[in-house]
Amino acid sequence: MAWNGKLVSFLLHMEVMLPFTMASKINVAADQEVVLCCPAGCKETISPTPNEVVWNYNGNRIIRYMRTGVYKGDTTEKYKFVASDHKNFSLWLPNGKEGQYTCIVNGKEQCIYDLRVWTVPKEIRNRYLLRGETVLLEVISSGNEYPRIEWFSPRNAKVTGNEPRWELCNSERRLQIKNLEVQEDDGTWKCHILPDGPWFSFGVKVIDFLNVLGDNGMTFATIDSRVVLSCPLNIDLSKEKNVGNFPELQSWELMKDNKVIVNENLPSNANSTYPAKEITNVRLEDAGKYQCRFIFAKGNLNTSIHLIVMSVSGSSLGLHADKENMPLCCHISASLPATAELCWAHTNETRCQSHLPNNTFCEENATTGTWTCSLKVENNMKISINYTVAEEPTVKMTFPLVEILSGVGALLLLLILAGLCGCDLKPIRRKRQRARRMAQAKQHLLEKKTCQCERELTNDYYHA
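Residues -23 to -1, 1 to 441, numbered by mature numbering (1 follows the signal peptide of the UniProt record, and there is no 0), are exactly what the sequence shown covers, in order.
Here it is in structure tokens:
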């Protein structure tokens, strides 16, 4: 303890004997406005007004105050005293240059500043990158000393260097982010030069598929319904594809069972944003896994769409009159996650089941009425389908006696009517035939009498 006290006293004595000014280290961003205080702290002016104030930059005089005026070493430079007429001889720099600045008042050093200027390469300020790529964020300074630097993620998490995908290097001046992900890496990264240096921001836009489908890429449809298979990205192509550093997008593909079913070129001047495949009348064979791919000049983005189709089956004839119920089955085209379940609902009663043998849930005692089968995932209904059970019309295989007798009676009636009609027609025919014969006989007698009269007339004339 005694030695420590003697050492402190010696150092204080030396400071009085040998004036020594420590250089203050200042970190600034490039093109940042800087004010270097003189005297240090900028809390007071120099009084009385000094005869001379000089600022040196790396040992060279750049500006000088004298009672006769202010003189600059380079008149083209824009630096100046803050307010020399008000005894404020702090130096204002519109964009500080890296180096050492010294303020000398009346021949005595008042303060020294080591100015370090930090820059960020323009090409990494704001970048568009594909999911899975690697990006390097960096701050640059020509100084040999390495101050502490802190990095923060878009979620305001401080980077420690122990993260599996985030790596600090070059004395924390560089941050490498591997295998980019939207959830953690998309957004604005920040860098802080300690203790009181500038903040820098880096915009990282991770291009990936927009998670509109959810449910691990599954989409649902009922039989005979309409569905659109699309895989939009998390950016607006019509606006951002013309940005300078946006990766060149070439084409889009949709495949099923490793066979390309849609392939569209996407020119840079295309008006459409995201292509899609529409299925207007869903069938069971449409179910399955589809692969969606966007092809960029520097890589591809791939995702999958799992189309799951729901159908309901029951008796095609309906419910028999001699039965009180019938089996009714709801079928799903693929296995579902553990959080999913099928439910049958009828007349305010609902039965659900998550364990689905053969992806089917059957209601064995379905009575007449409307039944609704619905699919729920984590208690959220995804799709539903209605099925109406109607009573089957009675159809017997034996012929009733009443129906037979009715048929025979109708046939006999027709025969009787036909017989009566036949009996009524015969007298009419006879009468007509008799009238025709009488007319012929009359005609014959008339002709005979006429002949006789002619003979008699002839004889009379003869006798005459």
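The beta-carbon is built from N, C-alpha and C at its ideal position, and this holds for glycine as well.
Whose C-beta lies closer than 8 Å to the C-beta of residue 64 among residues of the same chain, with five residues either side of it excluded?
-> 22, 23, 24 and 26
Evaluate the contact criterion for the stretch 343 to 363 versus the stretch 314 to 328: three or more CB pairs, one atom per stretch, below 8 Å.
-> The answer is yes - the stretch 314 to 328 touches the stretch 343 to 363, with three or more Cβ pairs under 8 Å.
May I ask you to report which of helix, strand or coil DSSP gives residue -23?
-> Reliability fails at residue -23, whose pLDDT of 37 lies under 50, so the model's placement of it is uncertain and no value is given.
Which residues DSSP lists as bridging residue 60, in chain order | 65
Keeping to the same chain, check which residues put their C-beta closer than 6 Å to that of residue 117; ignore five residues upstream and five downstream.
-> Only residues of its own chain outside the window of five on either side were considered, and among them 96 have a CB closer than 6 Å to the CB of residue 117, listed in chain order.
What beta strand (DSSP E) runs, 3 residues minimum, are completely inside the stretch 181 to 267?
-> 195 to 199, 204 to 207, 226 to 233, 236 to 242 and 253 to 256
Can residue 183 and residue 108 be called in contact, C-beta distance under 8 Å?
-> yes
Excluding the five sequence neighbours on either side, which residues of its own chain have a C-beta within less than 6 Å of the C-beta of residue 289, listed in chain order?
-> So the qualifying residues of the chain are 307, 350, 362 and 364.
Verify whether the separation of the beta carbon atoms of residue 13 and residue 90 is less than 8 Å.
-> yes
Are the Cβ atoms of residue 126 and residue 115 separated by less than 8 Å?
-> no
What number of angstroms, rounded off, separates the C-alpha of residue 223 from the C-alpha of residue 217?
-> 7 Å
Residue 171 versus residue 148: straight-line alpha-carbon distance, rounded | Between residue 171 and residue 148, the C-alpha separation is close to 13 Å.
Skipping 5 residues on each side, what residues in its chain have a beta carbon closer than 8 Å to that of residue 423?
-> none
Please report how far the alpha carbon of residue 51 lies from the alpha carbon of residue 87, in whole angstroms.
-> When rounded, the distance between both Cα atoms is 23 Å.
For residue 332, three-class secondary structure by DSSP | coil
Hey, residue 254 and residue 206 are a contact pair by Cβ (cut 8 Å); roughly how many whole angstroms apart?
-> 4 Å
Less than 8 Å between the CB atoms is what I'm expecting for residue 303 and residue 343, so what's the real figure, rounded?
-> 5 Å
Per-residue burial, residue 195 [other beta carbons within 10 Å of its own, 16 or more giving buried] = buried
Are residue 265 and residue 233 closer than 8 Å when you measure CB to CB?
-> A contact, by the Cβ cut-off of 8 Å.
Host beta strand (DSSP E) of residue 31 (start-end) = According to the DSSP assignment, residue 31 belongs to the beta strand (DSSP E) that extends over 29 to 34.
Which class does residue 43 belong to by DSSP, given the choice of helix, strand or coil?
-> In the structure shown, residue 43 falls within a strand segment according to DSSP collapsed to helix, strand and coil.
Please confirm whether residue 164 and residue 141 have their CB atoms less than 8 Å apart.
-> no
Distance between beta carbons of residue 6 and residue 175, contact taken as under 8 Å = That pair is a contact at about 4 Å.
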